[in-house]
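Residue numbers (the numbering used here), protein chains in the order written: chain Y, 155 to 551; chain B, 155 to 551; chain L, 155 to 551; chain F, 155 to 551.
The beta-carbon is built from N, C-alpha and C at its ideal position, and this holds for glycine as well.
4 protein chains.
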Amino acid sequence: MSTTAAAGERVPVPRDRENDHTHEAARARLEFARERTGASLDHVSSYSFDPGVAAGNIEQFVGVAQVPIGLAGPLLVNGEEAQGEFYVPLATAEGTLVASYNRGMKLVREAGGVKTTIMDDRMQRAPAFLFESAREAREFGAWLDENFDEVKEAAEQTTRSGKLQDIEQYTASRILFCRFNYTTGDAAGQNLTGKATAAACAWIMSNYPGKIERFLLESNFATDKKSSQVNMLRTRGKRVVAEATIPGELFEKVMRSSSERLFQARQVSNLGGFMSGVNNNGAHSANGITAVFIATGQDVANVAESSAAFVFAELRPNGDYYYSVTIPSLIVATYGGGTGLPTQRECLEMLGCYGKGGVKKFAEIVAATVLCGELSLGSAIVAEEWVEAHDLLGRNR
Amino acid sequence: MSTTAAAGERVPVPRDRENDHTHEAARARLEFARERTGASLDHVSSYSFDPGVAAGNIEQFVGVAQVPIGLAGPLLVNGEEAQGEFYVPLATAEGTLVASYNRGMKLVREAGGVKTTIMDDRMQRAPAFLFESAREAREFGAWLDENFDEVKEAAEQTTRSGKLQDIEQYTASRILFCRFNYTTGDAAGQNLTGKATAAACAWIMSNYPGKIERFLLESNFATDKKSSQVNMLRTRGKRVVAEATIPGELFEKVMRSSSERLFQARQVSNLGGFMSGVNNNGAHSANGITAVFIATGQDVANVAESSAAFVFAELRPNGDYYYSVTIPSLIVATYGGGTGLPTQRECLEMLGCYGKGGVKKFAEIVAATVLCGELSLGSAIVAEEWVEAHDLLGRNR
Amino acid sequence: MSTTAAAGERVPVPRDRENDHTHEAARARLEFARERTGASLDHVSSYSFDPGVAAGNIEQFVGVAQVPIGLAGPLLVNGEEAQGEFYVPLATAEGTLVASYNRGMKLVREAGGVKTTIMDDRMQRAPAFLFESAREAREFGAWLDENFDEVKEAAEQTTRSGKLQDIEQYTASRILFCRFNYTTGDAAGQNLTGKATAAACAWIMSNYPGKIERFLLESNFATDKKSSQVNMLRTRGKRVVAEATIPGELFEKVMRSSSERLFQARQVSNLGGFMSGVNNNGAHSANGITAVFIATGQDVANVAESSAAFVFAELRPNGDYYYSVTIPSLIVATYGGGTGLPTQRECLEMLGCYGKGGVKKFAEIVAATVLCGELSLGSAIVAEEWVEAHDLLGRNR
Amino acid sequence: MSTTAAAGERVPVPRDRENDHTHEAARARLEFARERTGASLDHVSSYSFDPGVAAGNIEQFVGVAQVPIGLAGPLLVNGEEAQGEFYVPLATAEGTLVASYNRGMKLVREAGGVKTTIMDDRMQRAPAFLFESAREAREFGAWLDENFDEVKEAAEQTTRSGKLQDIEQYTASRILFCRFNYTTGDAAGQNLTGKATAAACAWIMSNYPGKIERFLLESNFATDKKSSQVNMLRTRGKRVVAEATIPGELFEKVMRSSSERLFQARQVSNLGGFMSGVNNNGAHSANGITAVFIATGQDVANVAESSAAFVFAELRPNGDYYYSVTIPSLIVATYGGGTGLPTQRECLEMLGCYGKGGVKKFAEIVAATVLCGELSLGSAIVAEEWVEAHDLLGRNR
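Right under this line is the structure:
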């Protein structure tokens, strides 16, 4: 109950230095936590796997959060990798969310599904190099271009799946900020790019004939776990576009709204978003992304970046509504990280995406899911059903 | 396996229209999902609670995501509500994360703990009102100011805990964008502010003597689930500052770094962040926030907003390092939403924060946790131990 | 010719310490400049006024820049202060500019003119106050609210025309950033708000019972001479909206374009602007603003802020094009600064705006001018006449 | 006096269709303006050149704005092109400005001058191409890369000095936004890049084997005359860094401030700037840039972009103050545009920069000037002399 006096001895969380990912070690911490805090933790300690499977995912493991999963679908996707219908697991505690996405999926299916396209794919680490003055920074930049092949070789020696594509340079003051851009196979790639770039920097520090005053492996230019204009412009993870064209009458039939009203509301939202300085002129892509991320073992903190989006819609002369959402920094994996954990893997398997070769298909499904949620919430707002729906489905006190 | 032909009949996820939150309904969906997708879902279907408890949290419930929780601490907080030591449950699949926060907590405890202060508290809904021209928008704005008391009364009739504090006005074109700012007790308050603002708008539409062409209950000016400058400036949820002053020698002892090197790196990060257009000049607050959010039943999609931050640090003449992080839109609850779900409630109880009266204490603990993670990762970067640590702890293939 | 060795004695520009704003003093500098640089300066030294009139506008006066003025119009304005037709002096060296604005004015006049509305009016200075910790910053903020009347009195003792309207507070770390918002009569008001706020701060420093570690009279929160989201949201100078509804057929008749094509192009520009992180989703308001500013003696460096804009357009069902431009931080004066200089005053007189009582009228004329230029360039782009026009009118080598 | 009834016939500004750039044509307009507006225009009509020289710079010429020029200097520059001392003409009506820059130049000269470096050079036009869906946009992007040489050839046939360096691609929805980046010799290059890109687009439209639904020559991605993150990241015009290291004692001797206080204030400004969403974390670079731009015939509306800046400063252990300002989109010319007008050319000649080969030297001088102004105003703020100085020098009513 947080009453321990601060002045006392530090009482660390118990750890088994030999093997800390065992039932025993977990139980010892459970007892410790119960004793210290008075919480029962009966549910937290109910998990269906051996702690050993989480060895690379967690330290000081004590149990699990059980996050409810609802099934939405069928979601019809016309992607390059994802083709056909999917039932999408959404892990959330926000009432209405699954129902809303489900409703959007129904609408879009009737309109022929979501077309998805991956436009770009690049994960980065962004070291900064400091020099005596700007002039040396510029010289170094030229040298870096000339020696790209060697740098690439040094980087790639540390990884099987990471491939260094290019190094972008941005200068300010006596500093060169770089973005080392990689493709990373089916992994999200933050760790492998970190390791590869550290190796590349080590090579650079040894081989650059000039004087580098200092380098920092990260400098707020990859903006990991943060939203930034540079990532919205230059991509982080997958850049995915989801598109659909919805006949006007479908909005009236399925959504009790209309494409005209949606389009007018979109114009207001575009203006509001521009004036408010938002990173997403859409409605709530973070909802769908977060729910899929939790279910499938993604690094959920990447919602910070992955929630940025560009919505572009058109009211066609015949009343059709063309709607697209571009996610410029969708960070996903089907291999590594939390994707191999028991429930998470099952959820990826439900989508046919687990493991090697699944990541682009998965990215397309996420983007398609997002589009459905956008149309659903957008319609609810113009139909003034939004508050009502939350009142109906989202009350649980 | 997503092989269903799109052309066929839509096969919806099974639902029990009478009561869909039962073991039977969940099992029916489980079978459906297994059949359709081939996934075993043995772990997803292992949960320790009755589906009825999740009635307001999820639709089409099929099981749970089990997200590993690690225990970090003790975290020493000198807040106004949170005082003393806490063991913080972090739900994540990112290896190294718990260890890194734990290390930061150790450092900061030796330095006397984290001081936390809640600077502001306001949750909003942002309707837009459209008029014939800008002039009528301006007139309406004046009327709205004059009639604030009536609007407030209309809004508050729908809620016990929501209190309308003020209405901010922002004009562009023939549109008035408003921010209806509420305090919302221990709830995060997105739903109650939606409902209250809908009622307020209904009152306005009935009582405004002029002509309102149209209104939209939301207009991208509350930027729910999105990061925006307006929220960073004007607060969404809690605005919390966490501060600590760390003796220079502690960095050398505990972190193998130094306050001088950290401070220099901070300058580079500030510049990098400014140039990259990032919403957070710190390191990775999203990591800690997300992990606490998942563990404690917060609306995790709010990481989109809650991950914005302002870091301000100073190297004092004696080598001490003053470090602060300001979270301008931290959206938290200790009541409602997912906070009452079994594991989530237990985790809140572990912090002594569950239920009424806990939300400010909880906000302080989150902010304090963030600060520890910032110092830990910041140190790892300057000590060049960062990649190594991930290599050691974050491998799980 | 910049050949003076740096190592030598510093040779300052000659000054007459008694009265430096005389023909003699100017001539002495002219000779100095000719000798040092080899430039003839025959034109620079051709001016039609006594240097004494520029005493408060320039130091080390040597002559003038002669910037060509073209006359555009008639511009038909339906403002609250500006009503009727105006011939607008545009000082520029960019060929095509005057012709383009003139063409837009013709189009808009046929459509009934531009409606203009001033939505807000506030000039600010933004001191920052530093405290031991965030908590003291918050306490100070409460005190400042309570003592607003005294602060206002202290501020207003320094100025006749400045009135302190309110003080906005923004917190981060242990710092309170304030915006002291004033109305400033017909002056732009940067100096008077500086002086008034300095006096207010002096009063605060003397009277605050707590401890203020330090204050800074400016802290990058008024963003004088810089563009910022806070000014776009909260206004700096005048917030003006200009609106017009143009019959579709007029675009075809006058502009060889169409409202449909303009509207589609607008959608693309909105998206491009959002993704590029621009401070103005319109075309080129800076052109018209700068040209009027130079002609009329405004502080031209304020183009940095004044060039921000929000464009909002609608294609009406009948093909009409509703177009509006909102200038959120238009900084103008008809009194003080450069407005009393000879040519500048004449240009203000041409618009009937010189001196007391003219500033709102002037702001409306500027905004109306901007709108005409937007429609003209927008049309030229969709009609693909843009490059041609520049080729025809903008060649002067 | 703007009393003409709007309902009447349009009375256009008189023009001589044969040759409109003559004394007669100008006089006719002068009479017209006098008659219509009642303004004397005696000073506006006092200019020292033949209207014919302004043929490519202005339409409907009626006279000139006489903007006072003050001479600041000597400015000591250690650039690559600009080397030695310069006396800089500043055209402004803001009292104090010249004195303040002059003071900064004195300080910096004593410290050994300003080091300047041009980091990048690229002027762009940004066409957008629309396709049926995102997939076709991506295909087109690949084709564009493959056919760069042909596109370049088509572009460069229209210009002698413009060289197409590369084409950046940014995708969103079914649109490819491009940045065609050119070097443009001594011209600013907006017109030549427009013309060259139009030719390139014409070639593309003729030769692309797929279907391009539509293209727009500009799409808010070059953000001409507007400030944007993309230009701050990717450069528009010249990217210039100015640097100086000032001994601590000089601040005390010359500025009555200290490097410690300046550095602390800089930290606060960095935070304020980050929170306010400003495009420049420095003080007032727009002041110096605008004043030089007006004097030397630059396109002054480019202050919108050119006023963006990154300031990076360091307090060195010995008390020295390293200060740098990076101007990422400085748009300058020494040839074409207004540079050949009489007073403007003389001012460029004063700097030894007029005509071919001068543009980089000129860019360096501008950046060096900016740095001096930053240090001067920064010092005035911390010394609390700022308001006083304005009171002394900036009063002219």
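Taking a C-beta cut-off of 7 Å against chain Y, the contacting residues of the stretch 464-482 of chain F are Phe464, Phe466, Ser478 and Thr480, listed in chain order. Leu195 of chain L: not part of any alpha helix (DSSP H); DSSP gives it neither H nor E. When the alpha-carbon of Phe405 of chain L is set against those of L:Leu469, L:Ala437, L:Leu371 and L:Ser382, the nearest one is in L:Leu469. Counting only Cβ-Cβ distances below 8 Å, Asn424 of chain Y has contacts in chain L at Asn424 and Phe428, in chain order. When CB distances to chain Y are screened at a threshold of 8 Å, the residues of the stretch 315-345 of chain F falling below it are Tyr324, Thr325, Ala326, Ser327, Arg328 and Ile329, in chain order. At the C-beta level, Gly258 of chain F and Ser439 of chain F stay beyond 8 Å of one another.
Within a 10 Å sphere around the beta-carbon of Met359 of chain B sit fewer than 16 other beta-carbons, which makes this residue exposed. As the crow flies, the alpha-carbon of Lys392 of chain L is around 26 Å from that of Ala208 of chain L.
Pairing Val218 of chain F with Val446 of chain L gives a Cβ-Cβ distance that is not under 8 Å. Within its own chain, the residues whose Cβ lies closer than 7 Å to the Cβ of Leu416 of chain L, once the five positions on either side in sequence are excluded, are Phe405, Tyr475, Gly532, Ser533 and Val536, listed in chain order. For Pro496 of chain B, there is no enclosing beta strand (DSSP E); the residue is part of the alpha helix (DSSP H) that begins and ends at Pro496 to Met504.
The residue from Y:Gly348, Y:Met273, Y:Asp378 and Y:Glu248 with its alpha-carbon nearest to that of Ser423 of chain B is Y:Asp378. Under the Cβ criterion (8 Å, minimum of three pairs), the stretch 340-359 of chain L counts as touching the stretch 273-282 of chain L.
Setting aside the 5 residues that flank it on each side, His175 of chain Y is surrounded in the same chain by Pro205, Gly206, Ala208, Ala209 and Phe215, each with a C-beta closer than 7 Å to its C-beta; the list follows chain order. Secondary structure of Phe285 of chain F (DSSP, three-state): coil. At least one C-beta of chain L is nearer than 8 Å to the C-beta of Cys501 of chain F. Flagged as an interface residue toward chain B: Glu372 of chain Y, by a C-beta distance shorter than 8 Å. Put simply, of F:Leu318, F:Leu261, F:Gly492 and F:Gly402 the residue whose alpha carbon is nearest the alpha carbon of Pro471 of chain F is F:Gly402.
Distance from the CA of Val513 of chain F to the CA of Asp340 of chain F, rounded to the nearest whole angstrom, comes to 5 Å. Separation of Phe203 of chain Y and Ile481 of chain Y (C-alpha to C-alpha, rounded to the nearest whole angstrom) is 34 Å.
Fully enclosed beta strand (DSSP E) runs of no fewer than 3 residues occupy 464-469 and 475-484 of the stretch 463-540 of chain L, in order along the chain. Segment contact: the stretch 299-316 of chain B against the stretch 240-258 of chain B, fewer than three CB-CB distances shorter than 8 Å; contact not assigned. By the CB criterion at 8 Å, Lys260 of chain F and Asn232 of chain F fall outside the cutoff. Only those residues of the stretch 357-387 of chain L whose C-beta falls short of 7 Å from the nearest C-beta of chain B are listed: Gln383, Val384 and Leu387.
Listed by position along chain B, the residues whose Cβ is nearer than 7 Å to that of Gln311 of chain Y form an empty set, because the closest Cβ is around 14 Å away.
Contact between Val524 of chain L and Asn374 of chain F does not hold, since their C-beta atoms are separated by about 16 Å, which reaches or exceeds 8 Å.
Non-local C-beta neighbours of Val394 of chain B in its own chain, meaning closer than 8 Å and more than five positions away in sequence, comprise Thr270, Thr271, Ile272, Met273, Thr480, Ile481, Leu484, Ala517, Glu518, Val520 and Ala521, ordered along the chain. Comparing C-alpha distances from Tyr477 of chain L to each of L:Ala487, L:Gly527, L:Thr246 and L:Glu367 shows the shortest one belongs to L:Gly527.
Flagged as an interface residue toward chain Y: Glu397 of chain F, by a C-beta distance shorter than 8 Å.
Near chain L, meaning a CB-to-CB distance below 9 Å, the residues of the stretch 266-287 of chain B are Lys269, Thr270, Thr271, Ile272, Met273, Asp274 and Ser287. Proximity of Arg292 of chain F to chain Y, defined by a Cβ-Cβ separation below 8 Å, is satisfied. Residue range Ser439 to Thr450 is occupied by the alpha helix (DSSP H) that includes Ile443 of chain Y. Chain-order list of chain Y residues neighbouring Gln421 of chain L: Phe466 and Glu468, by C-beta distance under 8 Å.
Rounded to the nearest angstrom, the gap between the Cα atoms of Ala247 of chain F and Ser327 of chain B is 32 Å. At a Cβ-Cβ threshold of 8 Å, Tyr508 of chain B and Thr497 of chain B do not count as neighbours. A direct Cα-to-Cα measurement between Arg333 of chain L and Phe302 of chain L gives close to 13 Å.
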